[in-house]
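Structure first, commentary second.
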Amino acid sequence: MAQWDIDILTKEDTPDFFALFKKTFHQEMSPDFWQWKYRLHSGRQIGAWRENRLAGHYGGMGREILFFGRPEMAVQIGDVMVDEKERGVLTRKGPFFLMAATFLERYIGFGKPYLIGFGFPNERAMKVAERLSLYAEVGCMVEISWNTRSKLPLWSTRLQPIDRNRPENLPSVVDTCWQRMAADLSGDIVGLRDWPYLQHRYLNHPHQPYQIVLISNRLGARMHGIMVLRYDAEDCEIIDIIAPLREIPLIVTHARRLAGIHGAKRVFCHITENFAAHFTATGGRSQPTNIRIPANIWSAGPAPAILKDHWWLMSGDKDFR
Numbered sequence: 100m101a102q103w104d105i106d107i108l109t110k111e112d113t114p115d116f117f118a119l120f121k122k123t124f125h126q127e128m129s130p131d132f133w134q135w136k137y138r139l140h141s142g143r144q145i146g147a148w149r150e151n152r153l154a155g156h157y158g159g160m161g162r163e164i165l166f167f168g169r170p171e172m173a174v175q176i177g178d179v180m181v182d183e184k185e186r187g188v189l190t191r192k193g194p195f196f197l198m199a200a201t202f203l204e205r206y207i208g209f210g211k212p213y214l215i216g217f218g219f220p221n222e223r224a225m226k227v228a229e230r231l232s233l234y235a236e237v238g239c240m241v242e243i244s245w246n247t248r249s250k251l252p253l254w255s256t257r258l259q260p261i262d263r264n265r266p267e268n269l270p271s272v273v274d275t276c277w278q279r280m281a282a283d284l285s286g287d288i289v290g291l292r293d294w295p296y297l298q299h300r301y302l303n304h305p306h307q308p309y310q311i312v313l314i315s316n317r318l319g320a321r322m323h324g325i326m327v328l329r330y331d332a333e334d335c336e337i338i339d340i341i342a343p344l345r346e347i348p349l350i351v352t353h354a355r356r357l358a359g360i361h362g363a364k365r366v367f368c369h370i371t372e373n374f375a376a377h378f379t380a381t382g383g384r385s386q387p388t389n390i391r392i393p394a395n396i397w398s399a400g401p402a403p404a405i406l407k408d409h410w411w412l413m414s415g416d417k418d419f420r
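Take the sequence shown: its letter number 136 is residue 235 in the numbering used here, and every next letter is one higher.
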């Protein structure tokens, strides 16, 4: 008999998934978060059982993207877990390889539900997947940071919070900002940032509060863009932006102002390295992270050379920020 039973997880398997998640990451995942993450994202989950015990998990969350200007579906790989008792098995007979290969063969590539996959593995996990001929690296994340700045307002622009108590025209405003951003990224790969996405990803998140702000002219109807901020004890993170690239300096300026108002000591963002120059041009300091961007090479799909250095990804593209 095979050592591992590899199969699709069903809703009835979620208690086993929750238990493995807690054992692996030393924190709970709530049913609301699981629902937000997998069910509302058309999620896919593959499990590895050994003697009727869930010992591994490999998940994916669907994401609408523009693939060099063309609408496509991608999938973000996440919650990759192997029971610590089995982690030494990093061969083609081990649970990680069997789950990953099954997922890639079933779901990713030409003629599959998702054209491409992406994720945010650390360097060590990336090297394991490369050695097993599952992934190739097509980019990496860098961190850009700034000091906070004067709290004084910029009189030429105004800030409007975006929350559930939205004005009637907000969906069209968000979609206009997104269309202008999409036009700038027509030669790259970017996840949709339209109103339905912003509403689900940020406004309907079951646990995490975000500050979402529309920047527009004080006089006139011009909209500069939207920024999504997340605060912790000392820092303010620019989680996401929805704006044409030329508006990045203004967005960073306002983020630094708001961070100062909230008492943060630092502003930072994570962005794929190929777009870092748009942020360092504002005076930001760049430093490497341990996060790599993978591409599927196990099943037939777009070649890594086509994808390399073309992803626009920020922290908001991660399911865990």
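No residue lacks a Cβ here, since even glycine has one placed at the ideal position from N, Cα and C. This structure is a prediction, so every number in the text was calculated from the model and none was measured.
With burial defined as no fewer than 16 other Cβ atoms inside 10 Å of the residue's Cβ, what is the status of residue i: buried or exposed?
i    : result
S414 : buried
G290 : buried
D262 : exposed
D331 : exposed
L357 : buried
F195 : buried
G218 : buried
A363 : buried
R230 : exposed
L412 : buried
D416 : buried
N395 : buried
Q175 : buried
R257 : exposed
R169 : exposed
G400 : buried
H156 : buried
Q126 : exposed
N373 : buried
I360 : exposed
Which first and last residues belong to the alpha helix (DSSP H) in which residue i is found?
i    : result
L357 : 347-360
R279 : 269-283
M198 : 194-206
L153 : From DSSP, L153 is part of no alpha helix (DSSP H) but of the beta strand (DSSP E) over 152-166.
R223 : 222-230
A376 : 376-379
Classify residue i as helix, strand or coil using the three-state DSSP reduction.
i    : result
Q144 : strand
A118 : helix
I405 : helix
T256 : strand
W410 : strand
T388 : strand
G290 : strand
Q310 : strand
L448 : Nothing can be reported for residue 448: it is not among the residues displayed for the chain, which extend from 100 to 420.
D262 : coil
K417 : coil
R191 : coil
K136 : helix
F209 : coil
H304 : coil
H299 : helix
Hey, out of the options, whose CA is closest to residue i's CA?
i    : options                : result
L302 : M280, L119, P260, C335 : P260
V327 : P343, E150, H306, I350 : I350
M172 : P194, V181, G210       : G210
H306 : F419, N264, L318, G142 : F419
F167 : L412, D416, I405       : I405
I66  : M128, E111, A402, H409 : Coverage of the chain is limited to positions 100 through 420, which leaves residue 66 absent and any answer about it impossible.
I370 : P387, L313, I360       : P387
S244 : D334, D293, G146, D104 : D334
L253 : Y213, N389, M128, T352 : T352
R355 : N246, Q310, T109       : N246
Name the DSSP bridge partner or partners of residue i?
i    : result
M322 : S315
P393 : E236
I107 : I145
R329 : E336
Go to residue i, then tell me how far its beta strand (DSSP E) extends in each direction, as first and last residue.
i    : result
F217 : 215-217
W245 : 234-246
F436 : The question about residue 436 has no answer here: the residues shown for the chain are numbered 100 through 420.
P130 : Premise fails: P130 lies in the alpha helix (DSSP H), 130-133, not in any beta strand (DSSP E).
P170 : 169-181
I338 : 334-341
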